[in-house]
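Participant:
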DNA sequence: CAGTGGTCTAGACCACTTG
DNA sequence: AAGTGGTCTAGACCACTGA
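Protein chains in written order, with our numbering: chain A, 59 to 349; chain B, 59 to 349.
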């Protein structure tokens, strides 16, 4: 199963959930990456094993060394292999990496772990954007936003509460959806709203009265929070969200390396007693969206 | 301040904490990346602004387009810019990225936010590795490990409790350190122990009796947990740690994009009530290190 | 010292976005 | 239609690892 040979099969009739990171590989380096990823997760090289040299892979797949390196860079970013001068690459682990889609969509994630996802919009309203929302969504002073409150379920059990702020254009689409629509993400994609980047902040908060009522817990109970600012391929903000998970439901995993750093540790939300917004300019991602 | 010119200054006498991601840039693409990063965080292009074309940058810095692309790949991985076919790159944000060192070292992180870090080893003992430890650290059946318990402080206040398992070789070095050594990471680096990759799992746990006693909270109080498995440049496991932070102290931030996915959402630790360890084999990163 | 990955170049063609 | 980034090639030299 580590055959790509020189010619490369042009047949594209393969089944569904194949590729690990994205849809079916369209470019050479993606095919090489997909093949190597498969070999690694199949344990063909073993944990701690060494990959073939770049030159060998280039010959095997009938591509240039540059293309092989591009493929290997993908695997390195996924945390599957190391790489350093002087020795062959070493397999770090074989934990299947999640696709970006599964990360962003609660629905896709739930299905990937064989759970039945659900969602119900509790409220969605149009408001003039406040200062924080304007900054987060990079809006003009007179802009309006949609504020949504939604409960997410796993097999009928409420596990997450989602407060999202959308700019006018996206919010209008969301507001038009049925309140019980399971996957907003999929619906939005169908209408051309794509997410290309997301910045996440993960911390711990206490349930407020609304959280408690909707999640069936008590006020003050701890929740795992993910705040997220997503942008489209052009860099335009698409959503700003505050998601709160019931403990025991979910964990985040991240890979970081000296080469590519996307994880950071930050001082907790500077909600120092006394001041609570707006004052300090340029703060990245602070107060939660309104309710 | 966006001048790199063709020749490139050979003078290397600059001050200390300059580069954002690593030490002083040694290669061309690192210099270009550093210069562009500086320009971006200085707001030279504005949020949502467009970067010069690759060709222009190549001419400006006197390098090939390939080298410019390598530099821009770094900034993209840091979440500073987008990139797509057809248009120039767009500035996503200007949040200063943290270096890998600041992420891995509590001490470096604390100093970067102007706090006074401290640490005290409560206990460190040599034991035969159990099954889980052998799997995590990829050890032979007869191997031994060091189990360390340590309290970390910020300006004297206990904020984190750290349970780390080391393989024999590293553990011996740690055990030889003064219990009040502030930065183990720095000491280990001085002795040639480098960390190149780390895999993190972030979730929420309740303080047990030891946590409560050492952190000055009550048993059952919620804590933000980061479990971490670190490897050296050769891919050999260096540590397996379970860190628990007092709420309000710290938050994690991550950038993810459709191109490079290092963040994932996982089902929570399968510690279903009733069974609480060991039982299920082959699970990626489950039970916490022993105390 | 041989092997291997890291850096850099120069050029080509293509896919896509925007006016 | 022009501009721009994405993909790919072929080759060169260097820095480092490990026997």
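Glycine included, C-beta positions come from ideal geometry on N, C-alpha and C.
Nearest to residue 225 of chain B by CA position, among B/321, B/210, B/294, B/308, is which residue?
Facilitator: B/294
Participant: Would residue 305 of chain A pass as an interface residue toward chain B - the criterion being a Cβ-Cβ separation below 8 Å?
Facilitator: yes
Participant: How is the alpha helix (DSSP H) around residue 48 of chain B delimited, first residue to last?
Facilitator: The question about residue 48 of chain B has no answer here: the residues shown for chain B are numbered 59 through 349.
Participant: From residue 270 of chain B to residue 277 of chain B, what distance separates their C-alpha atoms?
Facilitator: 5 Å
Participant: Alpha carbon to alpha carbon, how far is residue 262 of chain A from residue 118 of chain B?
Facilitator: 46 Å
Participant: State the beta-bridge partners of residue 204 of chain A as determined by DSSP.
Facilitator: A/184, A/224
Participant: From which residue to which residue does the alpha helix (DSSP H) around residue 87 of chain A run?
Facilitator: 86-99
Participant: Using the beta-carbon count (16 or more within 10 Å), is residue 302 of chain A buried or exposed?
Facilitator: Burial of residue 302 of chain A is indicated by the presence of at least 16 other C-beta atoms within 10 angstroms of its C-beta.
Participant: Between the C-alpha atoms of residue 237 of chain B and residue 180 of chain B, what's the straight-line distance to the nearest angstrom?
Facilitator: 8 Å
Participant: In chain A, what lies closer than 8 Å to residue 167 of chain B by C-beta?
Facilitator: 323
Participant: State the Cα-Cα distance for the pair residue 138 of chain B and residue 89 of chain B, rounded to the nearest angstrom.
Facilitator: Using only the alpha carbons, I get a separation of about 16 Å.
Participant: Between which two residues does the alpha helix (DSSP H) carrying residue 170 of chain B extend?
Facilitator: 164-170
Participant: Spatial neighbours of residue 420 of chain A within its chain, please: CB distance less than 6 Å, with the 5 preceding and 5 following residues excluded, ordered by chain position.
Facilitator: Since the displayed chain A opens at 59 and closes at 349, residue 420 of chain A lies outside it and no answer follows.
Participant: Residues of the segment 255-270 of chain B with a CB closer than 9 Å to any CB of chain A: list them in chain order, please.
Facilitator: 255, 256, 257, 258, 259, 260, 261, 262, 263, 264
Participant: With 16 as the cutoff for other CB atoms within 10 Å, does residue 194 of chain B come out buried or exposed?
Facilitator: It counts as buried.
Participant: On the criterion of 16 or more Cβ atoms from any shown chain inside 10 Å, does residue 84 of chain B qualify as buried, or is it exposed?
Facilitator: exposed
Participant: Mind checking which residues open and close the beta strand (DSSP E) that includes residue 322 of chain B?
Facilitator: 321-325
Participant: To which residues does DSSP link residue 216 of chain B through a beta bridge?
Facilitator: B/211
Participant: Taking C-beta to C-beta, are residue 317 of chain B and residue 169 of chain B nearer than 8 Å?
Facilitator: no
Participant: Output, in chain order, the set of chain B residues within a Cβ distance shorter than 9 Å of residue 197 of chain A.
Facilitator: Within 9 Å Cβ-Cβ: nothing; residue 197 of chain A doesn't reach chain B, min ~11 Å.
Participant: Which first and last residues belong to the beta strand (DSSP E) in which residue 303 of chain B is found?
Facilitator: 295-303
Participant: Suppose you measure from the CA of residue 412 of chain B to the CA of residue 297 of chain B; what does that come to, to the nearest Å?
Facilitator: Limits of chain B in this structure are 59 at one end and 349 at the other, which puts residue 412 of chain B out of reach.
Participant: Comparing the C-beta of residue 86 of chain A with each C-beta of chain B, is any distance below 8 Å?
Facilitator: no
Participant: Please identify, using Cβ separations under 7 Å, the residues of the segment 88-107 of chain B that lie next to chain A, in order along the chain.
Facilitator: 105, 106
Participant: Any chance the segment 281-290 of chain A sits against the segment 251-268 of chain A, with 3 or more Cβ pairs inside 8 Å?
Facilitator: yes
Participant: Can you pull out the residues from the segment 206-226 of chain A whose beta carbon lies closer than 7 Å to at least one beta carbon of chain B?
Facilitator: none
Participant: By Cβ distance below 6 Å, which residues in the same chain neighbour residue 313 of chain A in space, the five residues on each side in sequence not counted?
Facilitator: Excluding residues within five positions, the ones whose Cβ falls inside 6 Å are 137.
Participant: Using a Cβ-Cβ cut-off of less than 7 Å, list which residues of the segment 230-248 of chain B approach chain A; keep chain order.
Facilitator: none
Participant: Among the candidates B/217, B/257, B/249, B/299, whose CA atom is the shortest distance from the CA of residue 275 of chain B?
Facilitator: Of all alpha-carbon atoms in B/217, B/257, B/249, B/299, the one lying nearest the alpha-carbon of residue 275 of chain B is that of B/217.
Participant: Quick one: what's got a C-beta closer than 6 Å to residue 86 of chain B's C-beta in the same chain, skipping five residues either side?
Facilitator: Answer for residue 86 of chain B: 121, 125, listed in chain order.
Participant: Can you tell me the Cα-Cα spacing of residue 167 of chain A and residue 245 of chain B, whole angstroms?
Facilitator: If you take the alpha carbons of residue 167 of chain A and residue 245 of chain B, they lie about 41 Å apart.
Participant: Below 8 Å between beta carbons: does that hold for residue 204 of chain B and residue 234 of chain B?
Facilitator: no
Participant: Just to confirm my understanding: we take residue 140 of chain B, look at its own chain, exclude 5 residues before and 5 after, and list those with CB closer than 7 Å. What are they?
Facilitator: 147, 148, 150
Participant: For residue 256 of chain B, list the residues DSSP reports as bridge partners.
Facilitator: As DSSP reads the structure, residue 256 of chain B sits in a beta bridge with A/314, B/288.
Participant: What residues are listed by DSSP as bridge partners for residue 175 of chain A?
Facilitator: A/212
Participant: Considering residue 125 of chain A, what are the terminal residues of the alpha helix (DSSP H) in which it resides?
Facilitator: Its alpha helix (DSSP H) spans residues 123-135.
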